[in-house]
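The next block holds one structure in the form of structure tokens; read it before the comments.
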Amino acid sequence: MTVISKYKVVLIIILIISLTGCWDYREMIEYADIVSIAIDEGTESRYIITLEGKKFSQSIDIEAKAVIYSGKANSVLDGLRSAIKQTGRVLYIGSVRAIIISEDIAKEGVREVLDYFIRSNQTRLLSGLYIARGTTAASLIEDTSMYSEFAGYEIDEATRQIELHGSYQNENNLFSIGDRLLDPYKSPLATALETRDLPLNKKTFSIAGIACFNGDRLVGYIEKDFIPIFGGNGVLSIPCDDYGVVSLNIYKSKSKRSYEYKNNKVYLNIDVKMEISYTENGTNKYGIDEITKEEIIGHVIDYFELNIPALHEYAKKELQTDVLEIEEFFRKYHFSTWKKIEGTYDFLRDTQVEADVEVIFRGAGQFQLRE
Amino acid sequence: MKKDILSVRQTFSIMILFVSSELILNMGDSLKGNGTWIAILIARLITFLVILLYSYIMSYFPDKDIFDVNKVVLGNVIGKIASILFALYGIYVAVMCSGNVISFIKLVTLQKTPIIIIGSLFVGWAAFSITTQGGIEAGGRIASTTWFITVGIWLFFILMLTKHMDFDNLLPILSEPIENVARVSYRHFSVIGGDLVLFMGILIDPSNKNNRRKAYIGSFFITGILLLANNILITAILGTYVNYYLLYPTYTALSLVNYANFISRIELFTSLLLLTCTTAKIVVGIYVAGKGLSKVTKIKSHNFWVYFVALVVLFLSSYSKDRTLLEKINRELLWAKNIVQIVIPLILAIAITIKKPKLAQSELIQ
Chain Y
1 MTVISKYKVV
11 LIIILIISLT
21 GCWDYREMIE
31 YADIVSIAID
41 EGTESRYIIT
51 LEGKKFSQSI
61 DIEAKAVIYS
71 GKANSVLDGL
81 RSAIKQTGRV
91 LYIGSVRAII
101 ISEDIAKEGV
111 REVLDYFIRS
121 NQTRLLSGLY
131 IARGTTAASL
141 IEDTSMYSEF
151 AGYEIDEATR
161 QIELHGSYQN
171 ENNLFSIGDR
181 LLDPYKSPLA
191 TALETRDLPL
201 NKKTFSIAGI
211 ACFNGDRLVG
221 YIEKDFIPIF
231 GGNGVLSIPC
241 DDYGVVSLNI
251 YKSKSKRSYE
261 YKNNKVYLNI
271 DVKMEISYTE
281 NGTNKYGIDE
291 ITKEEIIGHV
301 IDYFELNIPA
311 LHEYAKKELQ
321 TDVLEIEEFF
331 RKYHFSTWKK
341 IEGTYDFLRD
351 TQVEADVEVI
361 FRGAGQFQLR
371 E
Chain R
372 MKKDILSVRQ
382 TFSIMILFVS
392 SELILNMGDS
402 LKGNGTWIAI
412 LIARLITFLV
422 ILLYSYIMSY
432 FPDKDIFDVN
442 KVVLGNVIGK
452 IASILFALYG
462 IYVAVMCSGN
472 VISFIKLVTL
482 QKTPIIIIGS
492 LFVGWAAFSI
502 TTQGGIEAGG
512 RIASTTWFIT
522 VGIWLFFILM
532 LTKHMDFDNL
542 LPILSEPIEN
552 VARVSYRHFS
562 VIGGDLVLFM
572 GILIDPSNKN
582 NRRKAYIGSF
592 FITGILLLAN
602 NILITAILGT
612 YVNYYLLYPT
622 YTALSLVNYA
632 NFISRIELFT
642 SLLLLTCTTA
652 KIVVGIYVAG
662 KGLSKVTKIK
672 SHNFWVYFVA
682 LVVLFLSSYS
692 KDRTLLEKIN
702 RELLWAKNIV
712 QIVIPLILAI
722 AITIKKPKLA
732 QSELIQ
């Protein structure tokens, strides 16, 4: 055996040993696998952290049940560790679907709380961020699931189903919120959740609007009624004069912003094209044959042309935050003009917002519309 | 007998893997605002000029490597100094690359495994592959069958992220001052394009004096498209700021793949991409350094120098606990890299042009 081939044999042995990666090997059962995390403000300590984890049975058909851990600490990581310390297992947050933060903490700023999750190599940036509105974050994950074992999965699924109807799809994920927190021209958004009482002393969660941030501080909510206007798609109830209220499904909608800058004022025109249909057989007062297609289209156009500027007014007065990202988009599309007026022009207050809406009626399912 | 001569296709394939390692490791810089892709484009244009320079030099010596060329063109003493610089550069590239891949694995997966084990996996494998009977040519054959699989996997997973892409993230096209763009372009060139100088230390099929140029230019276009597309798409997915602050943005973006809860958690594939590409770069660095040292010292055994260099690389890339140290050194030593990337090739090109008639008489020109 030559010298070099001896080296090769030694080298191969070392490589085979290294392939096992045994230093980091752990059995699944050794992990405290966390599904959702609720962070509330504490009294004795800064945070109360509640975790919803999986408890595996010892049977052969590995069954997982939800188990709640709780801990108090002055930092997020310490709180996570303190919550699982009684289990003797290793914390694993790679499966976390929902991170819920209480209103009180969100009002003080979420940057510090999220910093740990965004930096951690375990966290998946697809995890959603939620704000507990009018309740504690912990109450949203304690026995609120209705059809699955874990509230975290159910919250994730419920919001994603709603996101399917909206252009709000990416906004809720950690990576998107991270970008908005770091970008000085954007405002982060997150889904707000509230608890709802059910018969037999049960409770569940429901969506309570979109939480709006200025920088990293919670400033208010876009209410549920505004979500289809904000997001673009959704199910909408529109008042139709004497006919009552009609429920419509927005299948498709596209919006295009166009800006004009004249006489030291920015004019934003939002062109919306949407396709709608009935969700029910007519209005809440009359059947489908009592109202014409043209009347429906007219009401929808009026509703949106009124409510898009109304959302801007609401953002201006109530939220005092540029949630429509008027400046951000002006900066994107008119960078040289933006450079000239940057810092001197108040985009939120001084911009005039208008909407042009075009509606296509896709039909009414199995019913025939009266022309 | 070791095979040390690569075909055009093999060289082209290794070059693609060599540059593609940057897709995941992101050793190049990026702008805090918009316009990184413009900086990359400028860096690629500089790279194009530089690879023409390398091809020009080597076209006069199709059956020689850079160490022979240094000796012929610059003389014994200066040629030897230039060759030692080239060999050190090979070690530097291998150290940076293995250091980065060790940091990557330590950060994202094997946190408890000693870094020396992780390092020896890469560096040892690289040294072993060079000293086997097939030599670097066997590596070339592997590269020519793996580069398109590697690129294909990257493309497949990137396309699965279409729903997260928001091309408005790329606007405004350029929001940063021009000096910042120049800085990022310079860094991109020095860290990515300029490293291709190492291929002057590898013999390429000498049957045609333009073979090296063919490999350089062919891989230049493919890697250029890859680097640009990667930056544009990752910015569209993650946004400018997250892309800027993350250590491994492509890895993070690809971890977002979740197709109907069925195709998800594809980090393993991303890591395999990285390992394949990075190993190619470590192999080239160690091979060239070993070859250079075997030609300028009295110990002529290439295999000895390959193992010696591998040990040096392993030590330098794993001795420090500060995983950002290599990154800091890399930033500070960019100017030193340019000596090998630009200054020496430029001197060689000028000397060859001046001495052309004299060289033509010698038997060195085929």
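So the protein lines, in turn, are chains Y and R.
The first sequence begins at 1 in the numbering used here and counts up one residue at a time.
The second sequence begins at 372 in the numbering used here and counts up one residue at a time.
Glycine residues also receive a C-beta, built at the ideal position from the N, C-alpha and C atoms.
Please state the DSSP three-state secondary structure of residue i.
i                      : result
residue 205 of chain Y : strand
residue 124 of chain Y : coil
residue 266 of chain Y : strand
residue 504 of chain R : coil
residue 482 of chain R : coil
residue 633 of chain R : coil
residue 719 of chain R : helix
residue 589 of chain R : helix
residue 50 of chain Y  : strand
residue 195 of chain Y : strand
residue 381 of chain R : helix
residue 542 of chain R : coil
For residue i and residue j, what's the separation of their Cα atoms in angstroms?
i                      : j                      : result
residue 321 of chain Y : residue 330 of chain Y : 16 Å
residue 597 of chain R : residue 385 of chain R : 15 Å
residue 67 of chain Y  : residue 152 of chain Y : 12 Å
residue 464 of chain R : residue 656 of chain R : 6 Å
residue 714 of chain R : residue 566 of chain R : 14 Å
residue 335 of chain Y : residue 550 of chain R : 18 Å
residue 582 of chain R : residue 648 of chain R : 23 Å
residue 372 of chain R : residue 500 of chain R : The predicted position of residue 372 of chain R is uncertain, since its pLDDT is 49 and thus under 50; a value taken from the coordinates is nonetheless stated next. Going from the Cα of residue 372 of chain R to the Cα of residue 500 of chain R covers about 14 Å.
residue 30 of chain Y  : residue 437 of chain R : 55 Å
residue 734 of chain R : residue 570 of chain R : Only weak support is given to the placement of residue 734 of chain R: the predicted model assigns it a pLDDT of 49, under 50, and the value that follows is read from those uncertain coordinates. Near 23 Å, if we compare the C-alpha coordinates of residue 570 of chain R and residue 734 of chain R.
residue 739 of chain R : residue 425 of chain R : Summary: the structure shown does not reach residue 739 of chain R, with chain R confined to residues 372 through 737, and so no result is reported for it.
residue 90 of chain Y  : residue 26 of chain Y  : 9 Å
residue 476 of chain R : residue 638 of chain R : 12 Å
residue 32 of chain Y  : residue 53 of chain Y  : 6 Å
residue 674 of chain R : residue 502 of chain R : 6 Å
residue 653 of chain R : residue 700 of chain R : 18 Å
residue 362 of chain Y : residue 276 of chain Y : 6 Å
residue 610 of chain R : residue 178 of chain Y : 9 Å
residue 55 of chain Y  : residue 149 of chain Y : 11 Å
residue 493 of chain R : residue 391 of chain R : 17 Å
residue 131 of chain Y : residue 211 of chain Y : 7 Å
residue 375 of chain R : residue 602 of chain R : 35 Å
Grab me the residues of residue i's own chain with a C-beta within less than 6 Å of its C-beta, minus the 5 sequence neighbours each way, in chain order.
i                      : result
residue 595 of chain R : 415
residue 604 of chain R : 529
residue 188 of chain Y : 177, 180, 181 and 213
residue 141 of chain Y : 36, 38, 52 and 151
residue 460 of chain R : 711
residue 394 of chain R : 601 and 621
Once the 5 residues before and after residue i are set aside, which same chain residues still bring their CB inside 8 Å of it?
i                      : result
residue 552 of chain R : 402, 406, 409, 410, 413 and 545
residue 197 of chain Y : 203
residue 208 of chain Y : 133, 134, 192, 193, 194, 221 and 224
residue 338 of chain Y : 327, 330 and 331
residue 697 of chain R : 466, 467, 470, 471, 474, 688 and 691
Report buried or exposed for residue i, applying the criterion of at least 16 other Cβ atoms within 10 angstroms of its Cβ.
i                      : result
residue 481 of chain R : buried
residue 641 of chain R : buried
residue 678 of chain R : buried
residue 80 of chain Y  : buried
Which same chain residues, not among the five before or five after residue i, have their C-beta less than 7 Å away from its C-beta?
i                      : result
residue 666 of chain R : 438 and 454
residue 543 of chain R : 405
residue 490 of chain R : 469, 473, 685, 688 and 689
residue 111 of chain Y : 181 and 216
residue 257 of chain Y : 268, 270 and 329
residue 379 of chain R : 575, 576, 582, 585 and 586
Chain-ordered residues of the stretch 493 to 510 of chain R with a beta carbon less than 9 Å from chain Y: 495, 496, 498, 499, 502 and 503
Selection of the stretch 172 to 197 of chain Y by Cβ proximity to chain R, strictly under 7 Å: 175, 178, 179, 182 and 183
Near-chain R residues of the stretch 69 to 84 of chain Y (beta-carbon distance less than 7 Å), N- to C-terminal order: none
Selection of the stretch 240 to 253 of chain Y by Cβ proximity to chain R, strictly under 9 Å: none
Short-range partners of chain Y found in the stretch 618 to 633 of chain R, where Cβ spacing is below 7 Å: 623, 626, 627 and 629
Chain R contacts from the stretch 123 to 154 of chain Y (Cβ-Cβ distance under 7 Å): 124, 125 and 126
Interface residues of the stretch 390 to 413 of chain R facing chain Y [CB-CB below 8 Å]: none
Residues of the stretch 323 to 337 of chain Y whose Cβ lies closer than 8 Å to any Cβ of chain R, in chain order: 329, 331, 332, 333 and 335
Chain R contacts made by the stretch 265 to 281 of chain Y, where a contact means CB separation under 8 Å: none
Members of the stretch 293 to 310 of chain Y that neighbour chain R once the beta carbon cut-off is set at 9 Å: none
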